[in-house]
Amino acid sequence: MPELPEVETTVRGLAKVLDGRRIVSVEARREDLRRAFPPDLGQRLTGARVTGLGRRAKYGLIHTDRDDTMVFHLGMSGSWRIDHDALEKHDHLLIETDEGRRLTLNDPRRFGSVDLLRTDALDEWPAFRALGPEPTGEVTGAWLRQKFAGRTAPVKAMLMDQRVIAGLGNIYVCEALHRARIDPRKAAGKVSRAKLDGLAGAIPAVLAEAIAAGGSTLKDFVQPDGELGYFAKDFAVYDCEGEPCPCGGTVRRIVQGGRSTFFCPRCQR
Ligand SMILES: [Zn+2]
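Counting in the working numbering, the sequence shown tops out at residue 352, every number present.
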C-alpha cells in the first residue's frame, strides 16, 4: 500500500513532467474509483496550466492557473506512469501535456480517489480539515508529550490516528517505534520523555530515508513501464517476522487494531 514516501516521490516524479505545462487532454476511462470522478474534471483541467504540485498527508496535489487543485489519493494499489505506451486494463485516468507527455493513473483495486477543489478552499475540505499536522515538520517531543498525556491507547494506535499526525501508516510507524526503542503496545501516556524525544526525531528520519531512496530511483524514473513511487525498501522490522534485530533479539509480529505490528521485544520497551 502506498505510504507517505511513495506519495511524495510520486508527486516529485509527476512535477518533472507537469509543473509549468499546459494540460491538453484529460480522459477518465470509467466513471469512478472509490467515488465518482468529478463530472467537470476534463472541462476544468483541459487548457489549464499547472502552477505547482504538492502533498498533504497521503494526498497528492496538482494546482492549476484556474485556481483549481486536483487532489489524488492512491488508495491500496494506485500508481502513476509516465509515457507508458500500451494502455492497461486498470488505467483509469489519462492526462496529456502540451509537450506530448502522457500521465496514466492505474488503480486495480480502485480504493484511490480523484477530486477537484478550489485551491483557496483546500484547507476547508472535510478530509483535510480533520487531519493533524504533517509528520515531517512540527512534531517535537514536547508536542508528542502534550498529545499523549494521560492517554491509555497503545502508542502505535495513537501514531496511526490521522487526526493526531497526518500521513503516517503501518510501515513507518513500525519502523519509527523500532528506531526509538518503544514497545508499540505501551500506553501512549506512559512513554518516557526521553523516548518521545527520540520518537520525534525517528519519525521524520525514517520518512526522509525512504523518500531519499525513492528519489534515487527517480533520477531514471522512465523505467520500462515508467511507474512512479515504488522502490525496493530495506526495513528494520516491517515484514521481518522471525528475522534477527541488530540488538540480538528476534522480530515478532502481533496484530493490533486489525493490522500487523512488527517489533523487537528485546530492544523495544
Ligand atoms: Zn532489537
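We treat Cβ as the ideally placed atom computed from N, Cα and C, and that holds for glycine.
Item                                                                                                                                                                                           : Value
When you measure from the CB of cysteine 350 to every non-hydrogen atom of ligand 1, does any distance come out below 7 Å?                                                                     : yes
For glycine 250, is the beta carbon positioned less than 7 Å from some heavy atom of ligand 1?                                                                                                 : no
Using only the heavy atoms of ligand 1, determine whether one of them is closer than 7 Å to the beta carbon of glycine 158.                                                                    : no
Please work out which residues of its chain come closer than 7 Å, Cβ to Cβ, to histidine 261, disregarding the five sequence neighbours upstream and downstream, and give them in chain order. : Ala319, Val320, Phe346, Cys347, Gln351
With distances taken Cα to Cα, identify the nearest neighbour of valine 338 among Cys257, Glu292, Arg264.                                                                                      : Cys257
Tell whether a beta-carbon distance below 8 Å holds between glycine 325 and arginine 349.                                                                                                      : no
Taking the continuous alpha helix (DSSP H) assigned at glutamate 91, which residues delimit it?                                                                                                : 87-101
Within 10 Å of its beta-carbon, does methionine 153 have 16 or more other beta-carbons around it, so buried, or fewer, so exposed?                                                             : buried
Just checking glycine 332 against ligand 1 - is the residue's beta carbon closer than 7 Å to any of the ligand's heavy atoms?                                                                  : yes
Considering only their Cβ atoms, is the gap separating arginine 234 from aspartate 181 smaller than 8 Å?                                                                                       : no
I'd like to know whether the C-beta atoms of glycine 215 and leucine 116 end up nearer to each other than 8 Å.                                                                                 : no
Determine the extent of the beta strand (DSSP E) in which histidine 261 is found, giving its start and end residues.                                                                           : Element bounds for histidine 261: not the beta strand (DSSP E) but the alpha helix (DSSP H), 253-262.
So is glutamate 207 buried or exposed if we call it buried at 16+ other beta carbons inside 10 Å?                                                                                              : exposed
Under a Cβ-count criterion, where at least 16 other Cβ atoms within 10 Å of its own Cβ denotes burial, should lysine 302 be classed as buried or exposed?                                      : Interpretation of lysine 302 is limited by its pLDDT of 48, a score under 50 that renders its predicted location unreliable; the figure taken from the coordinates is listed afterwards. Exposed: under 16 other Cβ atoms inside 10 Å.
Going along the chain, which unbroken runs of the beta strand (DSSP E) with 3 or more residues stay wholly within the region 151-219?                                                          : 151-156, 162-165, 174-180, 185-189, 196-201
Please classify glycine 250 as buried or exposed, where buried requires at least 16 other C-beta atoms within 10 Å of its C-beta.                                                              : buried
Considering phenylalanine 231, what are the terminal residues of the beta strand (DSSP E) in which it resides?                                                                                 : Looking at the DSSP string, phenylalanine 231 is not in any beta strand (DSSP E); the run it does join, the alpha helix (DSSP H), is 224-231.
When burial is assigned at 16 or more other CB atoms within 10 Å of the CB, is threonine 147 buried or exposed?                                                                                : buried
May I ask you to report which of helix, strand or coil DSSP gives proline 287?                                                                                                                 : helix
Looking at the unbroken beta strand (DSSP E) that takes in valine 338, where does it start and where does it end?                                                                              : 335-339
Just tell me which of Thr219, Glu217, Asp198 has its CA closest to the CA of proline 209.                                                                                                      : Asp198
Give the DSSP bridge partners of valine 107, in chain order.                                                                                                                                   : For valine 107, which the question treats as bridged, DSSP gives no partner whatsoever.
What three-state label does DSSP hand leucine 116 in the structure shown?                                                                                                                      : coil
According to DSSP, simplified to helix, strand and coil, what is valine 238?                                                                                                                   : helix
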